[in-house]
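Notes follow once the structure below has been shown.
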Amino acid sequence: MNELVFFIDNGLVAGLIIGAIYALGAIGVTLIFGILRFAHFAHGDMMTMGAFISLIIAFLLKASGFHSPLALVFLGMFPAMVITAAIAIGFDKIFYKPLREAGARPIVLVMASLGVTLMLQGVLRLFGGVSARNMFIDRPKEIFQFHLPGARRAIVLTEPQVILFIFTIATVIALHYFLTRTRLGKAMRAVSDNPDLARITGISTEHVVWATWIIGGALACAAGTLLSMDVALKPDLSWNILLPIFAATIVGGIGQPYGAIAGGFLVGLCESLSVFNWAILLRPIKPYLWFDIPSSLSLVPTEYKLMVPFLILIIVLIYRPTGIFKGRVL
Amino acid sequence: MGTIIELRSVSKRFGGFLAVNDCSLSVTAGSVTGLIGPNGAGKSTLFNMVAGNLAPTSGTILLDGEDVTGLEAHELFSRGLLRTFQIAHEFSHMTVTENLMMVPSRQSGESLLEAWLRPARVAREETAIRRKAEEVLDFLKIAHVRNELAGNLSGGQKKLLELGRTMMADAKIVLLDEIAAGVNRTLLNDLASNIERLNQELGYTFFVIEHDMDLIGRLCDPVIVMAAGSVMTEGHIADIQKNEAVIEAYFGGSPTGNATTISAAAEAARGAGAPA
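Protein chains in written order, with my numbering: chain L, 1 to 330; chain X, 1 to 276.
Structural data, given as structure tokens:
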């Protein structure tokens, strides 16, 4: 039983946690691609930026002597989401919109977003330094333990993990409602489906573009904050997370928000299960095995974790070239 | 009846090629005006300029007496001009009803603030638009596919959906681009009778590019003939079909086989893979 608990903790929970982060990021990337037709490379750094803003607001709350049962940084996340969304719209106005209006090809916008990434990384390091920071500034994070019958070890869930699960589920439901029930959500689907027709039928492209950046920016901020709460806030957060997010986006079908969610969890779970040491699960049945169990039996060494998303990407694209949910072919 | 569209000496040059050369024509409100001509006559270029997809090199286009030269398609849309496409356009991942409901512009639900602050008003508007969409579906007799994804419709049903879109917009004038292309005879009859009903019962004006002479003969009066970038003649289809110069233009001066009417010539042009 202890081995099973270890598997749930280090395999399943870890995979779902990182999968939820990927999903939140991939929703933004896929919406931006669907509406604006370019791969937004600055998304990872919007996450880092969002996490920094949450932390700053948490410090402000602390300085003003605010107390609450919830972690301050979690309370700070909601205004930070609004601020990040506003900054995302600002970036669009300053960097991307002029290019779009000049009729630039998508690759030019991709390059511009790479520029925004480098700029953001510089600015964040300049003001935030390079060290890792703990996001829980008012108190240590809470830890919840669940005991399975017959196991000495407990399944451990930390406070940010629980918050992340609840937040992700709420987001998915809200997003579904928004895209299928509201006029603006339908307009977004229409623009992504057939931009020419959307234009001539008088759908307000500007509102749709704003909505895209608001959702993308706010979710990036949330994902960055929640990830930093779970681990620590590091300025180089984005590089490690950007590539799996793009893999999740493509695996799910580009431009498909539900695909992005599925892709995020698929990539996250595969990542954690392939670095999981399967030898631990084999130990209880050791007496019945005809071979010795090596001490480490993971599919991929942890240092090579980043290659897993690409392996999934290759496999999925061979069998379903447009992704799990039929997305746009690039 | 007044003039709804008027072109005054409109020309369009692509590099060294003069696709439309000093064209002047008008479309009377309440009419179904046809535009025919052999391949390369400049019909589609002219059409694209009227629809706002191309800006003319010179000349003026008037819509309802106002100068609309060089306005974009969506600006013309808000003034009541809507085009359909030779290849039907649709939001393929949305249902037929949703497709129709996308059309009316400036819906308050599209504004970020109103969607949150005035949900009752947005809901009321939605209900009205949905009712209208239902009426349109009934009028076109495609109510049975209302919940189907538009991408799954047949070619002819997609053309009906295009017509439905024009109805949702309360268009003053509809430009139909080769609506018969790729549609079988039965559905073509449906389409034609819907166009007739829209014209007669609801007073829509249509401006039609078409290669299908049967359809032109059934629907259009007057018919404008273009050749080599210019307007050649205008009149009733029966007169046009007898016009020697028109037949000459269709055959390019070298009669082929026993085709002696422009219907046959048009068929031949279609067979040769005529572009729009």
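Just so you know, even glycine gets a beta-carbon here, dropped at the ideal spot from N, CA and C.
Here the structure is a predicted model, which means the values were calculated and not measured.
From the options, residue whose alpha carbon lies closest to that of residue i
{"i": "PHE127 (chain L)", "options": "L:LYS234, L:TYR319, L:ALA220", "result": "L:LYS234"}
{"i": "GLU3 (chain L)", "options": "L:THR168, L:ALA154, L:ALA211", "result": "L:ALA154"}
{"i": "ILE8 (chain X)", "options": "X:GLU135, X:ASP221, X:ASP67, X:ASP212", "result": "The sequence given here has Arg at residue 8 (chain X), not Ile. Checking every option, the nearest Cα to that of ARG8 (chain X) belongs to X:ASP67."}
{"i": "GLN121 (chain L)", "options": "L:ILE214, L:THR205, L:ALA211, L:HIS43", "result": "L:HIS43"}
{"i": "LEU157 (chain L)", "options": "L:ILE137, L:TYR319, L:PHE6, L:ILE324", "result": "L:PHE6"}
{"i": "LEU215 (chain X)", "options": "X:ALA55, X:GLU196, X:THR205, X:PHE17", "result": "X:GLU196"}
{"i": "VAL267 (chain L)", "options": "L:ASP9, L:VAL13, L:ALA23, L:ASN10", "result": "L:ALA23"}
{"i": "GLN145 (chain L)", "options": "L:ASP138, L:GLU159, L:PHE136, L:GLY129", "result": "L:GLU159"}
{"i": "PRO38 (chain X)", "options": "X:THR28, X:LEU219, X:HIS236, X:MET213", "result": "X:MET213"}
{"i": "SER68 (chain L)", "options": "L:ARG139, L:GLY11, L:ILE203, L:ALA190", "result": "L:ARG139"}
{"i": "ILE137 (chain L)", "options": "L:VAL172, L:ILE318, L:LYS62", "result": "L:LYS62"}
{"i": "MET119 (chain L)", "options": "L:ILE318, L:ASP45, L:ILE17", "result": "L:ASP45"}
{"i": "GLU134 (chain X)", "options": "X:VAL122, X:ARG165, X:GLY203", "result": "X:ARG165"}
{"i": "ASP230 (chain L)", "options": "L:TYR288, L:TRP290, L:VAL162, L:LEU36", "result": "L:VAL162"}
{"i": "GLY182 (chain X)", "options": "X:TYR204, X:ILE87, X:SER92, X:GLY40", "result": "X:ILE87"}
{"i": "ILE143 (chain L)", "options": "L:TYR96, L:LEU282, L:ASP9, L:CYS270", "result": "L:ASP9"}
{"i": "SER78 (chain X)", "options": "L:ALA86, L:GLY185, L:GLY202, L:LYS305", "result": "L:GLY202"}
Rounded Cβ spacing between residue i and residue j (contact assumed at less than 8 Å)
{"i": "GLY252 (chain L)", "j": "ILE32 (chain L)", "result": "Contact flag wrong, Cβ pair sits at about 14 Å."}
{"i": "THR60 (chain X)", "j": "SER11 (chain X)", "result": "Wrong, their Cβ atoms sit about 11 Å apart, outside the cutoff."}
{"i": "GLU234 (chain X)", "j": "ILE247 (chain X)", "result": "Going by Cβ atoms, the distance from GLU234 (chain X) to ILE247 (chain X) rounds to 16 Å, so no, they are not a contact pair."}
{"i": "MET168 (chain X)", "j": "LEU63 (chain X)", "result": "No, MET168 (chain X) and LEU63 (chain X) are not in contact; Cβ-Cβ is about 20 Å, not under 8 Å."}
{"i": "VAL136 (chain X)", "j": "LEU176 (chain X)", "result": "At roughly 17 Å, the Cβ-Cβ gap does not stay under 8 Å, so VAL136 (chain X) and LEU176 (chain X) are not in contact."}
{"i": "GLY19 (chain L)", "j": "ILE241 (chain L)", "result": "Not confirmed; about 12 Å, so no contact."}
Short CB-CB distance (under 8 Å) between residue i and chain L
{"i": "VAL122 (chain X)", "result": "yes"}
{"i": "HIS211 (chain X)", "result": "no"}
{"i": "SER78 (chain X)", "result": "yes"}
{"i": "GLU134 (chain X)", "result": "no"}
{"i": "MET102 (chain X)", "result": "yes"}
{"i": "PHE14 (chain X)", "result": "no"}
{"i": "ARG130 (chain X)", "result": "no"}
{"i": "ALA73 (chain X)", "result": "yes"}
{"i": "SER44 (chain X)", "result": "no"}
{"i": "PHE91 (chain X)", "result": "yes"}
{"i": "MET49 (chain X)", "result": "no"}
{"i": "GLU98 (chain X)", "result": "yes"}
{"i": "MET167 (chain X)", "result": "no"}
{"i": "GLU126 (chain X)", "result": "yes"}
{"i": "MET94 (chain X)", "result": "yes"}
For residue i, the three-state DSSP class (helix, strand or coil)
{"i": "HIS147 (chain L)", "result": "strand"}
{"i": "CYS23 (chain X)", "result": "strand"}
{"i": "ASP67 (chain X)", "result": "strand"}
{"i": "SER54 (chain L)", "result": "helix"}
{"i": "PRO255 (chain X)", "result": "For PRO255 (chain X), the predicted model reports a pLDDT of 47, less than 50, meaning its position is unreliable and no value from the coordinates is stated."}
{"i": "ALA26 (chain L)", "result": "helix"}
{"i": "GLU6 (chain X)", "result": "strand"}
{"i": "MET77 (chain L)", "result": "helix"}
{"i": "VAL122 (chain X)", "result": "helix"}
{"i": "ASP292 (chain L)", "result": "coil"}
{"i": "ARG79 (chain X)", "result": "coil"}
{"i": "GLU148 (chain X)", "result": "coil"}
{"i": "SER192 (chain L)", "result": "helix"}
{"i": "VAL316 (chain L)", "result": "helix"}
{"i": "SER31 (chain X)", "result": "coil"}
{"i": "MET102 (chain X)", "result": "coil"}
{"i": "LEU330 (chain L)", "result": "Legend: pLDDT at LEU330 (chain L) = 39, less than 50; position of this residue unreliable, value from coordinates given subsequently. Note: LEU330 (chain L) maps to coil in three-state DSSP."}
{"i": "GLU234 (chain X)", "result": "strand"}
Chain X contact for residue i (CB, 8 Å cutoff)
{"i": "ALA187 (chain L)", "result": "yes"}
{"i": "THR201 (chain L)", "result": "yes"}
{"i": "ALA220 (chain L)", "result": "no"}
{"i": "LEU233 (chain L)", "result": "no"}
{"i": "LEU197 (chain L)", "result": "yes"}
{"i": "SER193 (chain L)", "result": "Looking at the sequence provided, one finds Asp at residue 193 (chain L) rather than Ser. True, the Cβ-Cβ gap to chain X drops below 8 Å."}
{"i": "ARG37 (chain L)", "result": "no"}
{"i": "ALA247 (chain L)", "result": "no"}
{"i": "ARG183 (chain L)", "result": "yes"}
{"i": "ALA88 (chain L)", "result": "no"}
{"i": "ALA190 (chain L)", "result": "yes"}
Problem set entry | Validate contact between the region 153-167 of chain X and the region 133-145 of chain X using beta carbons, cut 8 Å, 3 pairs | Flag = yes, the region 153-167 of chain X and the region 133-145 of chain X touch.
For this session: Decide if the region 226-234 of chain X is in contact with the region 15-30 of chain X; the criterion is three or more beta carbon pairs, one per stretch, under 8 Å apart.
Result: The region 226-234 of chain X, when compared against the region 15-30 of chain X, does touch it at the 8 Å Cβ threshold.
For this session: Please confirm if the region 264-278 of chain L is in contact with the region 186-200 of chain L, defined as three or more CB-CB distances below 8 Å between the two stretches.
Result: Cβ pair count under 8 Å is below three, so no.
Exercise. For the 8 Å Cβ check, are there 3 or more pairs between the region 43-52 of chain L and the region 211-225 of chain L?
Worked result: For the pair of segments examined, the region 43-52 of chain L was found to touch the region 211-225 of chain L: the number of CB pairs separated by less than 8 Å reaches three.
Exercise. Is there contact between the region 306-325 of chain L and the region 256-270 of chain L, where contact requires at least three CB pairs shorter than 8 Å?
Worked result: Because the criterion of three Cβ pairs below 8 Å is met, the region 306-325 of chain L and the region 256-270 of chain L touch.
Exercise. Counting Cβ pairs closer than 8 Å, one from the region 239-246 of chain L and one from the region 66-74 of chain L, do we hit at least three?
Worked result: The region 239-246 of chain L vs the region 66-74 of chain L: no contact.
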